[in-house]
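The block underneath contains the structure these notes are about, expressed in structure tokens.
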Amino acid sequence: MDARHMLMGVALGLSALVQAEDGPASHISVKVGKPTFVHQLRYEVMYSEKPFELATIYYYDNGVYKIVSPGEDHYGVYLVMGSMTEPSYAISYLSLPSDDWGGNVARHDLRFDARRQVFEQQALSFQDQNIPAQSGTFVQSTHDQADPTRIVWQQPSAQPGTNSAKP
């Protein structure tokens, strides 16, 4: 996966109800790509407003992701700088507006070190533009969840930082 899986032009196979303050409601449909990787994250340094130690991110080949945790469940788009099969790479995420972020968006930039199974994260939200750096460990594997609407939070079977499944 590389820059061809860009943030722009992504279409989710999800329908979202959209309504302007003074206009009629309409739907936006976006197609979800094919399932690729999954990251199971364990935060060691957390953001006090989102103190969820564990999170799982499901990736699709057209730049769509879904993240679930004990306190989050939303979609967004991502762009990989490098490749998720390299020893180190970075990913920028832009969440779609969701209740998780007060009805707005958030941006997260993560740097992954696959050899050490650690990540560093810098985030920015509409409500908080000074989110402190976060970090932790991760496990990467593949997944076959073609329908992200069926994905719900589950306690991970593997603990991040203990063993990484190779794609």
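Counting from 7, one number per residue, gives the positions in the sequence shown under the working numbering. We treat Cβ as the ideally placed atom computed from N, Cα and C, and that holds for glycine.
Straight through space, the alpha carbons of H149 and S35 are spaced by roughly 23 Å. Taken through DSSP and simplified to helix, strand or coil, T62 comes out as strand. For T148, the three-state secondary structure derived from DSSP is strand.
In terms of Cα proximity to P93, the closest of V124, L100, P76, G109 is V124. When secondary structure is reduced to three states using DSSP, P154 falls in the helix class.
The alpha-carbon of V38 is positioned some 6 Å away from that of V70. Non-local beta-carbon contacts of N110 in its own chain, meaning distances under 6 Å to residues more than five positions away in sequence, involve P103, F132 in chain order. Between T62 and P162 a beta carbon distance of about 6 Å is seen, short of the 8 Å cut, so the two are scored as contacting.
DSSP links F125 through a beta bridge to F118, G142.
According to the DSSP assignment, P41 belongs to the beta strand (DSSP E) that extends over 41–51. In this structure, the beta-carbon distance from A129 to Y64 does not fall below 8 Å.
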